[in-house]
Every structure is written in C-alpha cells, then in structure tokens.
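In this note's numbering, the protein residues as written are 68 to 219.
Even for Gly, the Cβ is constructed at its ideal location relative to N, Cα and C.
Since the structure is predicted, the reported quantities are computational estimates derived from the model, not experimental observations.
Beneath this line is the structure, given in structure tokens, with notes to follow.
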Amino acid sequence: LVRRSIQGFGNIFYVSSYGKHAEAAYWLIQWLTSKEVSARLVTHTDSVFDPFMRSHRTDPRVIRSRTKEMVETHLRNAQVSPPLILLQGAVEYDDALDLNIQEALLGRISAEEALNRTATAWEKITEQVGRPAQIEAWKALRRAFPTKNVPD
68 LVRRSIQGFG
78 NIFYVSSYGK
88 HAEAAYWLIQ
98 WLTSKEVSAR
108 LVTHTDSVFD
118 PFMRSHRTDP
128 RVIRSRTKEM
138 VETHLRNAQV
148 SPPLILLQGA
158 VEYDDALDLN
168 IQEALLGRIS
178 AEEALNRTAT
188 AWEKITEQVG
198 RPAQIEAWKA
208 LRRAFPTKNV
218 PD
C-alpha cells in the first residue's frame, strides 16, 4: 500500500523568458528564498507560507510561530509528498478536471461521464501540446517523485 500526502501548495517561482526584467526577477527570487527573508515570510502573522526550507527547522522564529512539532512534521511530510505537476498545459488539465468534477457534484452529469469528459479533454490538451513532448516532460518530472513511502 502506497500512501501519499500532498503539500497544500508549492513555493515555486518562475521567470518568464518574455519578461523585460528577467534578471531583476531572478534576483528577487534569490532574495525571497534567502534564509532571513524566507523565515520572515513564514513567521509573519498574515502569512500563507508554511515552512519550506531546511533552515526553517532550526530557526527559533519559525519554531516560535508554528511550534517545533509542526515544523518537523511539515518538513518530514515533504519527503513523501509528490511534486506539483509542472507540465505545459498543467493549468488546462486541472481546469478540465475541476469543471467536470463540479458538474458531477451538482448532479448535472454522472461521475462516470465526468471522468469520460475529462479524459477526452486531456487527450485534446495532450495533442495540442504534443504527445512526445509530454512523454519526455513526464519522464523528467518522475525523477522528482518520492522514492520512499515513509519519511525519515
């Protein structure tokens, strides 16, 4: 039996290759993910950030704001959590699934029909993106999946 927990969200930053200020964006990301600034982001009263760096495990401010047990549990959970799906078309895949699940929950279509419609939509998205490219992207992403079922 394989059990997986999910992370509520990921701390992922992107720099668009089309942006006018790509280098500035890169340096902003470096600043935001520094030990000092990331700890301030995690501990701020109105923060939506959970601890996401190993340094948060021992930072007294983070421990004080979240409790040592929460920080340890959250970071241990990350060892067995699958990554976010970072593929071209990921938003479209999610939107198709969300729409069809909502339709089923509202009783407008059956659960089976929701899954069939989702499969059809996903096939269309895959063809638009390019099936060979998606296969290669999945192979690359697979390396990021956990290799163990129980955290240390």
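Practice task
Pick out the complete alpha helix (DSSP H) segments inside the segment 105 to 175, 4 residues or longer, and give them in chain order.
Solution key: Correct list: 127 to 133, 135 to 144, 157 to 172.
Handout entry: Three-way DSSP call (helix, strand, coil) for K217 in this model
Key = A small fix is needed here, since residue 217 is Val in this sequence, not Lys. Judged by DSSP in its simplified three-state form, V217 adopts coil rather than helix or strand.
Practice task
With DSSP collapsed to three states, give me the class of R210.
Solution key: Note: R210 maps to coil in three-state DSSP.
Practice task
Return the residue from the list R131, F80, A157 that minimises the CA-CA distance to Y93.
Solution key: Of the candidates R131, F80, A157, the one whose C-alpha sits nearest the C-alpha of Y93 is F80.
Exercise for the section: Classify K102 as helix, strand or coil using the three-state DSSP reduction. Expected result: Correct three-state label for K102: helix.
Practice task
In the DSSP assignment, find the unbroken alpha helix (DSSP H) run with K191 in it and report its ends.
Solution key: Residues 178 to 196.
Problem - Coil, strand or helix - Y81 by DSSP - result: Residue state, collapsed to three classes: coil.
Practice task
Report the option in G156, P149, R121, A145 whose CA atom is closest to the CA atom of A204.
Solution key: Of the candidates G156, P149, R121, A145, the one whose C-alpha sits nearest the C-alpha of A204 is G156.
Handout entry: Distance CB(R124)-CB(L142) smaller than 7 Å
Key = Yes, they are a contact pair.
Practice task
Please list, in chain order, all residues of the same chain as L99 whose beta carbon is under 8 Å from its beta carbon, the five residues on each side excluded.
Solution key: The residues are F80, S105, L108.
Handout entry: Environment of P118 [buried if 16+ CB atoms lie within 10 Å]
Key = The residue in question, P118, is buried, as its Cβ has 16 or more Cβ neighbours within 10 Å.
Practice task
Figure out for me which residue from T140, N144, K102, Q195 has the closest Cα to the Cα of R128.
Solution key: If you compare the alpha carbons of T140, N144, K102, Q195 with that of R128, the shortest gap goes to K102.
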